[in-house]
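Participant: Numbering (full-length UniProt numbering), first residue to last: 1 to 114. All residues carry an ideal CB built from backbone N, CA and C; glycine is no exception.
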């Protein structure tokens, strides 16, 4: 599993960097924070993942910040349900390698700078 605060997913360079990390490290599940995108699509997820063998869930952008994205390999994790709220995205499912039921929560905790 990889978690990554991308601080904006608008540019190709960041998407390519994530794709390289996912491929090089053989990542099964990716949690991205602060995508700053309202228009997450299959195309964006497949491009970052490096293929179509993934599923994903996301949250909307909040005040030009936040927005969470979780992507996983279809053959590693089976989603049963998901839940989301302000600054979190939860996945409830089964990790296929061992049949264990797991809950994975992707959290964005913005800091207020004084």
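1. Along the chain, where does the beta strand (DSSP E) containing residue 88 start, and where does it finish?
2. What residues in its chain sit with their C-beta under 6 Å from that of residue 106, if we drop five residues either side in the sequence?
3. Are residue 73 and residue 39 close, meaning C-beta to C-beta below 8 Å?
4. Mind reading off the beta-carbon distance from residue 9 to residue 35? Whole number of angstroms is fine, and I expect it under 8 Å.
5. Using only CA atoms, which one of 33, 37, 61, 79 lies nearest to residue 55?
6. Residue range of the alpha helix (DSSP H) that residue 27 falls in?
7. Let me make sure I understand the geometry here. Which of 61, 99, 104, 66 has the alpha-carbon closest to that of residue 81?
8. Using only CA atoms, which one of 66, 52, 51 lies nearest to residue 4?
9. Please list, in chain order, all residues of the same chain as residue 84 whose beta carbon is under 8 Å from its beta carbon, the five residues on each side excluded.
Facilitator: This is what the structure holds:
1. Unbroken beta strand (DSSP E) run through residue 88: 88-95.
2. Closer than 6 Å at Cβ, skipping near neighbours: 31, 68, 70, 89.
3. If you check the CB distance, residue 73 and residue 39 do not come in under 8 Å.
4. Contact holds; Cβ gap of about 4 Å.
5. Of the candidates 33, 37, 61, 79, the one whose C-alpha sits nearest the C-alpha of residue 55 is 79.
6. Residue 27: not part of any alpha helix (DSSP H); DSSP gives it neither H nor E.
7. Comparing C-alpha distances from residue 81 to each of 61, 99, 104, 66 shows the shortest one belongs to 104.
8. Taking the Cα of residue 4 as reference, the smallest distance to any Cα among 66, 52, 51 is reached at 66.
9. Closer than 8 Å at the Cβ level, and outside the excluded window around residue 84, lie 57, 59, 68, 90.
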